[in-house]
Structures are given as structure tokens and as C-alpha cells.
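Visitor: Just passing along the structure, written as C-alpha cells.
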Amino acid sequence: MSDFQLTRTLDEHSADTALRADVRDGLTRSPKELPPKWFYDARGSELFEEITRLPEYYPTRAEREILLGRAGEIAAASGARTLVELGSGSSEKTRHLIEALPALETYIPVDVSESALRGAAQTLLAEHPGLRVHALLADFTRPLRLPESAGPRLVVFLGGTVGNLRPPERAAFLASVRAMLSPGDALLLGTDLVKDEAVLVAAYDDSRGVTAEFNKNVLAVIDRELGADFHTADFEHVAVWNREQEWIEMRLRARSEVLVKIRALDLVVPFEEGEEILTEVSAKFRQEGVRRELAAAGLRLTQWWTDAADRFALSLSVA
Ligand code: AVJ
């Protein structure tokens with residue numbers, strides 16, 4: 348690989364420590380809760396890719412439609428010489444932006460998966476031999492120190508993943524993004540929009556049961572990594588729209604009373620029949636809310652683009 352560099356701010360040990368702490372905290376409180384980041388082992392990432400192709404799961408297609416239609420405008424507005432992508436995954440959608448940015452010199456993908464970072468870099472470098480790729484193995488919810496590179500910088504956070512953070516965490520996250528930006532830099536943020544409840548619920552409870560399998564995968568991760576004895580068949584996938592908070596909640600509901608042993612934590616977790624674990628919130632937004640949250644972090648929304656069906660939005664904001 349010609350111009351590739353990878354900086355690690357995470358090791359396997361820190362991931363294991365974080366998983367143990369999250370599982371102990373989350374399963375000994377009431378109501379029970381697990382953070383969504385533990386869905387994404389190899390199997391979970393594969394299931395997520397499958398979700399993005401489901402007829403009910405519109406966000407990925409809606410966001411791609413906006414990116415394809417607006418790449419030229421985004422590029423002209425940013426003039427970026429450095430593109431930073433938080434939670435880059437396969438970098439699949441970013442390809443359209445990279446192609447549209449004539450002054451681009453450096454691409455900095457940030458992700459917790461080293462294999463995703465290496466795979467994406469390899470593909471992009473084959474297509475753009477002049478590009479410098481400096482991957483960061485990091486958790487983007489923690490404050491980041493970016494490698495040296497030329498400005499202006501465009502930081503992108505796509506997929507609507509900002510909606511997986513609760514409002515206080517979101518405020519802290521946006522403030523940490525603001526801290527990465529210098530005058531002339533910009534943030535491109537993908538947000539799913541509030542819409543008809545039936546459309547939202549179907550997107551998180553598809554007829555083929557792929558999302559149910561994705562949700563239950565977190566139990567398989569805990570079984571494998573922490574020697575637990577969850578049986579996924581003991582739990583039912585639940586997706587509900589919380590209209591006060593305007594977010595979708597994914598939960599796992601015990602079908603009967605069960606006792607789960609987690610060997611690595613020396614812990615036994617009792618479940619009553621019908622008891623739930625909250626595994627993900629996925630907030631949906633309105634333009635005014637996005638503008639307000641950006642402003643609270645010191646960012647000024649300058650552009651707002653939606654798909655033709657007004658399901659999803661990309662916003663551009665500046666420091
Ligand atoms: C990629 C995190 C934005 O919240 O819609 C898909 C993850 N969860 N189906 C989302 C997800 C259930 C997704 N994000």
C-alpha cells in the first residue's frame with residue numbers, strides 16, 4: 348500500500364475492559380441496558396450491512412441519494428484538503444465525496460474496527476493512488492487528536508449514528524467535534540428525520556427478522572467474550588417509537604423467567620418474564636432541533652439537504 352498509515356488509540360485489552368464494565372453496569376441496573384456499540388462484531392457488522400439492503404430500512408438509501416445529488420455542492424462549500432470520517436466502517440458512501448473533492452489530499456477514517464479501516468483504505472487507494480490515507484483506530488465518542496494535515500478540513504459523520512447517543516452524550520460529542528475544527532473547517536452530519544410511526548417501526552422490525560437477529564447478536568457477543576449462557580431463543584426483539592423523546596427503542600424481552608450466568612464477571616443476572624434490556628435508542632430529528640444542538644456546541648448550520656421524500660437530512664455547519 349502506497350500512502351497508508353494507521354494510528355492506534357485502542358487495543359484489545361481496552362475493548363475487553365470496556366465490554367466488562369458496560370455489561371456489569373448495564374445488567375445490574377433497573378431497567379437493564381446495553382450500549383449499541385457491542386452489536387458490531389464480524390457477524391453483527393454483516394447483519395448491519397444486510398439491514399441497509401432491506402426494503403423497510405430507508406436511511407442508507409435516502410442518505411446515499413442526498414450524497415450523490417449534492418456531492419458537488421458539499422465539495423464547493425467545503426473546499427476540503429482533508430476529509431475526516433467518524434465511524435467510517437466500509438467508507439462506501441464516502442467514495443462519492445472523495446470523488447467530488449478536487450483539492451483532497453488526505454483522508455482520515457476513524458473507526459473501532461481495524462479490519463474495516465484496512466479494507467476501506469485498500470479499496471480507496473487502488474482508486475485514488477495520489478491520496479494519503481491516515482486511519483485512526485479510535486472510539487469517536489471520546490475526544491480525538493487528529494493527525495497533522497492541511498486545512499480546510501471536512502469532518503463527516505454519516506448514517507444517522509449521532510442518533511444513537513442520548514442528548515447529554517450528543518452535546519458532549521458535538522462539542523468534541525467543534526474542538527477539532529479550525530476557522531474554515533466544516534461538519535457534515537447525517538440525521539434521520541421524524542416521520543410516520545409505522546414507517547419508523549417497520550425500519551427497526553423488518554418482516555424478514557434481520558433486525559431481530561442483529562439485536563440478539565449482542566447476547567452472542569457476551570456469551571463468547573464473557574463466557575455467558577444467554578440463549579437468544581429466550582429473548583424476543585422489540586422495537587417501539589418513544590413519541591416524547593422522538594426516538595426508536597430496540598429492546599430484548601425475556602420470554603420467561605431466566606437466570607443468566609456470566610462467568611468472566613462472576614455474576615448471575617435474573618430476568619423476570621417480560622423483563623427487557625434496552626439495547627439501542629435511535630433518535631429522529633427535526634431541522635430546528637439539529638440547528639439548536641449544533642448552535643449549543645458552537646456550530647452554525649449553513650446548509651440543510653434532504654432526500655426527495657424528506658426522510659433523511661444532511662447538514663453542513665461551520666465553527
Ligand atoms: C447505523 C447506528 C444509525 O440506528 O438506524 C439499524 C443502526 N439499528 N437497525 C440506526 C441500526 C437497527 C443504525 N445506525
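Reading the sequence shown from the start, the letters are residues 348 to 666 in my numbering. Yeah, the Cβ is synthetic: ideal placement off N, Cα and C, and Gly gets one too.
Terminal residues of the continuous alpha helix (DSSP H) containing E359?
Guide: Within the sequence shown, residue 359 is the residue found at index 12, counting from 1. That run of the alpha helix (DSSP H) goes E359 to L374.
Visitor: Is any heavy atom in the ligand AVJ found nearer than 7 Å to the beta carbon of I398?
Guide: What you label residue 398 is simply residue 51 of the sequence shown in a count that begins at 1. It does: the Cβ of I398 is within 7 Å (strictly closer) of some heavy atom of the ligand AVJ.
Visitor: Using a 10 Å radius around the Cβ and a threshold of 16 neighbouring Cβ atoms, would you call P402 buried or exposed?
Guide: Translated into positions along the sequence shown, residue 402 becomes position 55. It counts as exposed.
Visitor: Mind checking R394: buried by the 16 CB within 10 Å criterion, or exposed?
Guide: Here residue 394 corresponds to residue number 47 of the sequence shown, with the count starting at 1. In the sequence as presented, Arg is not what sits at residue 394; that position holds Leu. It is buried - the Cβ of L394 has at least 16 other Cβ atoms within 10 Å.
Visitor: If you draw a straight line from the alpha carbon of S460 to that of V605, how long is it in whole angstroms?
Guide: Within the sequence shown, residue 460 is the residue found at index 113, counting from 1. Within the sequence shown, residue 605 is the residue found at index 258, counting from 1. Computed Cα separation, rounded: 33 Å.
Visitor: Hey, quick one: how far does the beta strand (DSSP E) through N589 stretch, first residue to last?
Guide: Within the sequence shown, residue 589 is the residue found at index 242, counting from 1. It spans F582 to N589 - the beta strand (DSSP E) in which N589 sits, taken as one unbroken run.
Visitor: Give the DSSP bridge partners of Y454, in chain order.
Guide: Here residue 454 refers to the residue found at position 107 when the sequence shown is read from its first residue. DSSP lists L430 and V480 as partners of Y454.
Visitor: I'd like the span of the beta strand (DSSP E) that includes S629, first residue to last.
Guide: By 1-based counting over the sequence shown, the position of residue 629 is 282. From DSSP, the beta strand (DSSP E) with S629 extends over E623 to A630.
Visitor: Do E627 and the ligand AVJ come close, with the Cβ less than 7 Å from some heavy atom?
Guide: Mapped onto the sequence shown, residue 627 falls at position 280. Checking the Cβ of E627 against the ligand AVJ gives yes.
Visitor: Is T356 near the ligand AVJ, with its Cβ less than 7 Å from a heavy atom?
Guide: Taking the sequence shown and counting its residues from 1, the one referred to as residue 356 is at position 9. It does not: the Cβ of T356 is nowhere closer than 7 Å to a heavy atom of the ligand AVJ.
Visitor: Exposed or buried, what is M348 when buried is set at 16 or more other beta-carbons lying within 10 Å of its beta-carbon?
Guide: What you label residue 348 is simply residue 1 of the sequence shown in a count that begins at 1. Low per-residue confidence applies at M348: pLDDT is 47, beneath 50, and the placement is therefore not dependable, though the value from the model is reported in the following sentence. By the 10 Å Cβ count, M348 comes out exposed.
Visitor: Where does L661 land, buried or exposed, given buried means 16+ other C-beta within 10 angstroms?
Guide: The residue labelled residue 661 in the question sits at position 314 within the sequence shown. Answer is buried; the Cβ neighbour count reaches 16.
Visitor: Apart from the five residues on each side of it in sequence, which residues of its chain come closer than 6 Å, Cβ to Cβ, to E380?
Guide: On the sequence shown, residue 380 is found 33 positions in, with the first residue counted as 1. If we look at E380 and ignore the five residues flanking it on each side, its Cβ neighbours are G373 and L625.
Visitor: Check the Cβ-Cβ distances between S629 and every residue of chain D, and say whether any is below 8 Å.
Guide: In the structure shown, chain D cannot be found, because there is only a single protein chain.
Visitor: By Cβ distance, which residues of its chain are closer than 8 Å to Q592, with the 5 residues on each side in sequence left out?
Guide: Taking the sequence shown and counting its residues from 1, the one referred to as residue 592 is at position 245. So the list reads V628 and A630, once near-sequence residues are dropped.
Visitor: Using 8 Å as the cut-off, can you tell me whether the segment 427-437 makes contact with the segment 499-519, which would need three or more C-beta pairs spanning the two stretches below that distance?
Guide: Because the criterion of three Cβ pairs below 8 Å is met, the segment 427-437 and the segment 499-519 touch.
Visitor: Looking at C-beta atoms only, is the number of pairs between the segment 448-465 and the segment 486-502 that lie closer than 8 Å three or more?
Guide: Output reads yes: the segment 486-502 touches the segment 448-465.
Visitor: Drop a sphere of 10 angstroms on the beta-carbon of T453, count the other beta-carbons inside from all chains shown, and report buried for 16 or more, exposed for fewer.
Guide: Taking the first residue of the sequence shown as position 1, residue 453 is located at position 106. T453 is buried by the Cβ-count criterion.
Visitor: Where are the alpha helix (DSSP H) runs, 4 residues long or more, that stay fully inside the segment 523-596, in chain order?
Guide: If we require 4 residues or more, the alpha helix (DSSP H) runs fully inside the segment 523-596 come out as 544-550 and 557-573.
Visitor: Find the nearest neighbour of L612 within the set T375, E397, E640 and D539, judged by alpha-carbon distance.
Guide: Within the sequence shown, numbered from 1, the residue matching residue 612 stands at position 265. It is T375.
Visitor: When DSSP builds the beta bridges, which residues end up paired with E380?
Guide: Within the sequence shown, the letter at position 33 stands for residue 380. Answer is L625.
Visitor: With a CB to CB cut of under 6 Å and the five nearest residues on each side skipped, what residues in its chain are close to R638?
Guide: Residue numbering aside, residue 638 sits at position 291 when the sequence shown is read from its first letter. Answer for R638: L648, listed in chain order.
Visitor: Considering only the alpha carbon of each residue, which of R610, T558 and V607 lies closest to Y404?
Guide: Counted from its first residue, the sequence shown places residue 404 at position 57. The shortest Cα separation from Y404 among R610, T558 and V607 belongs to T558.
Visitor: Is the closest heavy atom of the ligand AVJ to the C-beta of N589 under 7 Å?
Guide: As a position in the sequence shown, residue 589 is number 242, starting the count at 1. False, no ligand heavy atom lies under 7 Å from that Cβ.
Visitor: Grab me the residues of N562's own chain with a C-beta within less than 7 Å of its C-beta, minus the 5 sequence neighbours each way, in chain order.
Guide: Reading the sequence shown from its first residue, position 215 is the one you call residue 562. H584, M597, L599 and T626, listed in sequence order.
Visitor: Would you say the beta carbon of P490 comes nearer than 7 Å to a heavy atom of the ligand AVJ?
Guide: Numbered from 1 along the sequence shown, position 143 holds the residue referred to as residue 490. No, the Cβ of P490 stays beyond 7 Å of every heavy atom of the ligand AVJ.
Visitor: May I ask whether a heavy atom of the ligand AVJ can be found less than 7 Å away from the beta carbon of P382?
Guide: As a working note, residue 382 is residue 35 in the sequence shown. The answer is no for P382.
Visitor: Check whether the Cβ of T441 sits closer than 7 Å to any heavy atom of the ligand AVJ, and report yes or no.
Guide: Numbered from its first residue, the sequence shown carries residue 441 at position 94. T441 Cβ: outside cutoff for every heavy atom of the ligand AVJ.
Visitor: Just reading off the beta strand (DSSP E) that R647 is part of, what are its end residues?
Guide: Position 300 of the sequence shown, counted from the start, is the residue given in the question as residue 647. R647 -> beta strand (DSSP E) spans R647 to T653.
Visitor: Please tell me whether, using a cut-off of 7 Å, the distance from the CB of G391 to the nearest non-hydrogen atom of the ligand AVJ is below it.
Guide: For this step, residue 391 is matched to residue 44 along the sequence shown. For the ligand AVJ, not one heavy atom lies less than 7 Å from the Cβ of G391.
Visitor: Please return the same chain residues whose Cβ sits closer than 6 Å to the Cβ of S496, not counting the five positions on each side in sequence.
Guide: Along the sequence shown, one-based indexing puts residue 496 at 149. Answer for S496: T429 and T453, listed in chain order.
Visitor: On the DSSP bridge assignment, give the partners of Q352 in chain order.
Guide: To locate residue 352, count along the sequence shown from 1; it is residue 5. Q352 pairs with H481.
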